[in-house]
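Novice: Below is a structure I'd like to ask you about.
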Amino acid sequence: MSILNTLRTRWGVGLWGTVAILLAFSLAGMTVVRLRQPVLGFLLPSDAPTWLSWTVYLVILLPMYQVLLLGYGALLGQFNFFWSRLKAVGRFLGSRAAASG
Numbered sequence: 000m001s002i003l004n005t006l007r008t009r010w011g012v013g014l015w016g017t018v019a020i021l022l023a024f025s026l027a028g029m030t031v032v033r034l035r036q037p038v039l040g041f042l043l044p045s046d047a048p049t050w051l052s053w054t055v056y057l058v059i060l061l062p063m064y065q066v067l068l069l070g071y072g073a074l075l076g077q078f079n080f081f082w083s084r085l086k087a088v089g090r091f092l093g094s095r096a097a098a099s100g
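In numbering that gives the first Met the number 0, the protein residues as written are 0 to 100.
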């Protein structure tokens, strides 16, 4: 069984849905990579320590990636797929925070 067929089965979508989902992941990733330097340059001085850059990256750009993923998914007709995944991640993180708190 090919990787494409495995993904189609796992995600429960057709061929176009699988291609659209993979394309949304690619576009969101490329967009965040392109936005990383301008955003960090705007928010931080050029001599900021590496740990601060990584902290800002995690706090600002990772949520931005999720929003971009949802947006690209919606443009490609896969909003429900990405929205259900985003809700599942939110529930997981919420349960982890409640368990540790």
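For every residue, glycine included, the Cβ atom is placed at its ideal position computed from N, Cα and C.
Figure out for me which residue from Thr17, Leu6, Asn4, Pro44 has the closest Cα to the Cα of Gly76.
Specialist: Among Thr17, Leu6, Asn4, Pro44, the Cα nearest to that of Gly76 belongs to Thr17.
Novice: Assign Val12 to one of three DSSP states: helix, strand, or coil.
Specialist: In this structure, Val12 counts as coil in the three-state DSSP scheme.
Novice: Between Trp10, Leu57, Ser1, Ile2, which lies nearest to Arg84 when the distance is taken from Cα to Cα?
Specialist: For the residues Trp10, Leu57, Ser1, Ile2, the minimum Cα distance to Arg84 belongs to Trp10.
Novice: Pairing CB atoms from the region 36-54 with CB atoms from the region 87-95, are three or more of them under 8 Å?
Specialist: Flag = no, the region 36-54 and the region 87-95 do not touch.
Novice: Within 10 Å of its beta-carbon, does Ala27 have 16 or more other beta-carbons around it, so buried, or fewer, so exposed?
Specialist: Counting Cβ neighbours within 10 Å, Ala27 comes out buried, since at least 16 surround it.
Novice: Assign Gly76 to one of three DSSP states: helix, strand, or coil.
Specialist: In the structure shown, Gly76 sits in coil (DSSP, three-state: anything other than H, G, I, E or B).
Novice: Asn4 to Trp15, Cα distance in whole Å?
Specialist: Between Asn4 and Trp15, the C-alpha separation is close to 12 Å.
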